[in-house]
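Colleague: Quick one: the structure is below, and I'll ask about it shortly.
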Amino acid sequence: MNTTTVLTEDLWSALDALDALDVVPQAHQAEWYKRLEQAAYSATQAMLLDKGLITEQ
Numbered sequence: 036m037n038t039t040t041v042l043t044e045d046l047w048s049a050l051d052a053l054d055a056l057d058v059v060p061q062a063h064q065a066e067w068y069k070r071l072e073q074a075a076y077s078a079t080q081a082m083l084l085d086k087g088l089i090t091e092q
């Protein structure tokens, strides 16, 4: 099984690019968009926790 590594910055860049296109306004409601957004938020939280910049409650 192959593993793909995606940088947190790449997730946010993809979301920014999709938002900038604004050709598919309903994309924000699509499940794939919500999963991409959740992945970006989760990756950011994990990175901040790892660096000790935030704490888990």
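My numbering puts the first residue of the sequence shown at 36, with every later residue one more than the last.
Heads up, the beta-carbon is just placed ideally off N, CA and C, and yes, glycines get one too.
#1: Could you check the C-alpha separation between aspartate 51 and glutamine 80 for me, to the nearest Å?
#2: Just verifying my parser: in three-state terms, what is the DSSP assignment at lysine 86?
#3: Between the C-alpha atoms of threonine 90 and aspartate 54, what's the straight-line distance to the nearest angstrom?
#4: Mind checking whether alanine 65 and leucine 46 have CB atoms under 8 Å apart?
Modeller: The answer reads as follows:
#1: Position 16 of the sequence shown, counted from the first residue, corresponds to residue 51. Position 45 of the sequence shown, counted from the first residue, corresponds to residue 80. When the Cα atoms are used, aspartate 51 and glutamine 80 turn out to be separated by approximately 18 Å.
#2: What you label residue 86 is simply residue 51 of the sequence shown in a count that begins at 1. Lysine 86 falls in the coil class under three-state DSSP.
#3: Taking the sequence shown and counting its residues from 1, the one referred to as residue 90 is at position 55. Taking the sequence shown and counting its residues from 1, the one referred to as residue 54 is at position 19. Going from the Cα of threonine 90 to the Cα of aspartate 54 covers about 30 Å.
#4: Walking along the sequence shown from the start, residue 65 turns up at place 30. Walking along the sequence shown from the start, residue 46 turns up at place 11. No, Cβ-Cβ distance for alanine 65 and leucine 46 is not below 8 Å.
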